[in-house]
Amino acid sequence: MEFINEVFIPFDPHNHAIYTPKQISTKDIFLIVSGCTNYFDDKNIKSFTTWCSKKKKNLNFFKAEEVRKKQKTESDAVIKRVRLIYVMKEEEFLGNVKLPALQKVTFKFFFFIDKAVLIIKDQPPHYKAFMTSLEEEGYELIGYLRKSKGKEKEDVRIRLLETMAIRLIERCPVKAVYAFPFSNSMDKIASRDLCKESKSLVKQLNNVSGSAQDMMNHIKAANTNICLIVIDFAGLSRDSKDIRSFLRSHPKLKKKNISGSFTNK
Numbered sequence: 060m061e062f063i064n065e066v067f068i069p070f071d072p073h074n075h076a077i078y079t080p081k082q083i084s085t086k087d088i089f090l091i092v093s094g095c096t097n098y099f100d101d102k103n104i105k106s107f108t109t110w111c112s113k114k115k116k117n118l119n120f121f122k123a124e125e126v127r128k129k130q131k132t133e134s135d136a137v138i139k140r141v142r143l144i145y146v147m148k149e150e151e152f153l154g155n156v157k158l159p160a161l162q163k164v165t166f167k168f169f170f171f172i173d174k175a176v177l178i179i180k181d182q183p184p185h186y187k188a189f190m191t192s193l194e195e196e197g198y199e200l201i202g203y204l205r206k207s208k209g210k211e212k213e214d215v216r217i218r219l220l221e222t223m224a225i226r227l228i229e230r231c232p233v234k235a236v237y238a239f240p241f242s243n244s245m246d247k248i249a250s251r252d253l254c255k256e257s258k259s260l261v262k263q264l265n266n267v268s269g270s271a272q273d274m275m276n277h278i279k280a281a282n283t284n285i286c287l288i289v290i291d292f293a294g295l296s297r298d299s300k301d302i303r304s305f306l307r308s309h310p311k312l313k314k315k316n317i318s319g320s321f322t323n324k
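If you want this note's numbering, it's the position in the sequence shown, counting the first as 1, plus 59.
Below, the structure written as structure tokens:
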């Protein structure tokens, strides 16, 4: 289910480098999923649809409205049930394209779906063991989310931040999650999200304990060492000097860990 929820998103994740909008049917989803796992090897589209229906509450693609679409065939026209879903791209081509006959082609394929499979299949056991070892060493794990400044409507920004929070909580045993809802990666960490708009938006978020300033107060008041869990696409900062300054001013913050995900920028 985690794989399906990562690959098929019912709303715009604002990450068009990885996701593209498509009108797809349950059969289309079945064909993609069955190519990445042997779990459905002995199942057909009918049994897959039944399985999905039983898991409906936990499968996010059901949140997208299903519509009827007329599709022409060679002999007739058929009615197909489809949903508008943002689907993870199978691959992306990076680099300059040159004609092979004229010059050697240098290229690199990055397989997004393959990476999703690896993160879900291989990472969790090792990652969870690592998280457990940190807790046994006495570290308190707290999560961090950041959304860059932009023109998104408030409800969109809230939805994206809540999605990030859910992903973080699902994968890491964090005690609290803090959100930086209007912060660019080069903004000084200590002065982030001081505006009233930020504080007001954070109060509307589910699964979030507070804002940037609340996180810093939490770290300063901590009696144990802290490990800050950061989602990779959000990033704490691109200013290495500011990161070092932040760590010096928060001596209880001993570790920073990256949790992989795909949704949002």
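A virtual CB, placed ideally from N, CA and C, is assigned to each residue, including glycine.
| Asked | Found |
| --- | --- |
| Near K122, what residues of its chain come up, given a Cβ to Cβ distance below 7 Å and the 5 sequence neighbours on each side ignored? | P69 |
| Going by the DSSP bridge assignment, what does M147 pair with across the sheet? | Y78 |
| Could you tell me whether the region 230–248 touches the region 295–303, where touching means 3 or more Cβ pairs closer than 8 Å? | yes |
| Indicate whether I278 and H309 have their beta-carbon atoms separated by less than 8 Å. | yes |
| V236 bridges to which residues according to DSSP? | G202 |
| Since S299 is in the alpha helix (DSSP H), which residue starts that stretch and which ends it? | S299 to S308 |
| Is it the case that the Cβ atoms of I228 and N266 are separated by a distance below 8 Å? | yes |
| What did DSSP end up calling C111 once you bin it into helix, strand or coil? | helix |
| Quick check on DSSP: helix, strand or coil for E125? | strand |
| In whole angstroms, what is the alpha-carbon distance linking L219 and P240? | 10 Å |
| Helix, strand or coil for L193, going by three-state DSSP, please let me know. | helix |
| Taking Cβ to Cβ, would you say E61 is nearer than 8 Å to M147? | no |
| When the distance is taken between beta carbons, is S84 closer than 8 Å to V126? | no |
| Thinking just about the alpha-carbon of each residue, which of A280, F99, P72 and Y203 is nearest to the one in I144? | P72 |
| Taking a contact to mean a Cβ-Cβ separation below 8 Å, would you say Q130 touches K139 in this structure? | yes |
| Taking all protein chains shown into account, decide if F67 is buried (16 or more other Cβ within 10 angstroms of its Cβ) or exposed. | buried |
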